[in-house]
Structure formats: C-alpha cells, structure tokens
Amino acid sequence: MRSLADAQFSEVSNEYLSLESAIPSASQFANGLVFGNPLYDEILNRGGNPDEVCVSLSAALEKELGGKKTLCALVFEAS
1 MRSLADAQFS
11 EVSNEYLSLE
21 SAIPSASQFA
31 NGLVFGNPLY
41 DEILNRGGNP
51 DEVCVSLSAA
61 LEKELGGKKT
71 LCALVFEAS
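Just so you know, this note's numbering puts 29 at position 29 of the sequence shown, and the rest follows in order with no gaps.
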C-alpha cells in the first residue's frame with residue numbers, strides 16, 4: 001500500500017478474497033496461468049520457455065497446494 005500512497009493515491013483499501021474452486025489438475029491450472037495471461041509474453045521477452053515454466057509451476061503448485069482447492073487474491077482499490 002505504501003507504493004500506492006507514494007504514487008499520490010489518497011484513498012487506498014485492500015481486501016483478501018478466498019474462493020473455493022475445483023482445480024482439475026495442477027498442470028492444467030499452471031497451463032492457464034502461463035498461457036492465459038500476459039505472463040506468456042513476459043516469459044518470451046526474457047528468453048524463457050513457456051512450456052518449461054508450466055512444468056516447474058505445475059510441480060510447485062502440486063507441492064504447495066496438494067489437495068487444496070482454495071484460490072486467494074489480494075485486491076487493492078485506489079483513487
């Protein structure tokens with residue numbers, strides 16, 4: 001929130017959201033994260049291989065989430 005205040009936003013709020021969701025598999029979720037948003041272009045711009053990132057991300061998600069199916073987001077609103 002400090003960086004938002006430094007950028008001259010005067011009213012800043014944040015909310016932590018938690019959502020139960022059925023994630024069919026860690027690899028499908030990783031595939032969506034890598035190929036379904038601007039992260040894909042950033043990987044390419046930095047000389048990375050999106051397929052390798054998917055494999056690594058899938059392994060990390062499986063290790064960290066295991067059977068959990070809870071997604072979380074920290075949402076900031078500023079004006």
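Yeah, the Cβ is synthetic: ideal placement off N, Cα and C, and Gly gets one too.
Where the alpha helix (DSSP H) containing S58 begins and where it ends: Taking the first residue of the sequence shown as position 1, residue 58 is located at position 58. From DSSP, the alpha helix (DSSP H) with S58 extends over 50-65.
Alpha carbon to alpha carbon, what distance is there between L39 and A80? Any property of residue 80 remains undetermined from this structure, which presents the chain solely from 1 to 79.
When you compare only the Cα positions, how much space is there between R46 and V75? Locating residue 46 in the sequence shown gives position 46, counting from the first residue. Locating residue 75 in the sequence shown gives position 75, counting from the first residue. Each residue's alpha carbon lies about 27 Å from the other.
What residue from V34, D6, Q28 has the CA that sits closest to V53's CA? Position 53 of the sequence shown, counted from the start, is the residue given in the question as residue 53. The residue with the shortest Cα to Cα distance from V53 is V34.
Output the distance between the C-alpha atoms of S79 and S10, rounded to the nearest integer angstrom. Working through the sequence shown from its first residue, we reach residue 79 at position 79. Working through the sequence shown from its first residue, we reach residue 10 at position 10. S79 and S10: Cα-Cα distance of roughly 6 Å.
Return the bridge partner residues of V75 from the DSSP annotation. Locating residue 75 in the sequence shown gives position 75, where the first residue counts as 1. Looking at the DSSP assignment, V75 forms a beta bridge with E15.
Closer than 6 Å: is that where the CB of Y16 sits relative to any heavy atom of the ligand ATP? Absent from the structure shown: the ligand ATP. Ligands present: none.
Check the C-beta distance from L57 over to A30 and give it rounded, since I have them as a contact under 8 Å. Along the sequence shown, read from residue 1 onward, the residue named residue 57 stands at position 57. Along the sequence shown, read from residue 1 onward, the residue named residue 30 stands at position 30. At roughly 4 Å, the Cβ-Cβ gap stays under 8 Å, so L57 and A30 are in contact.
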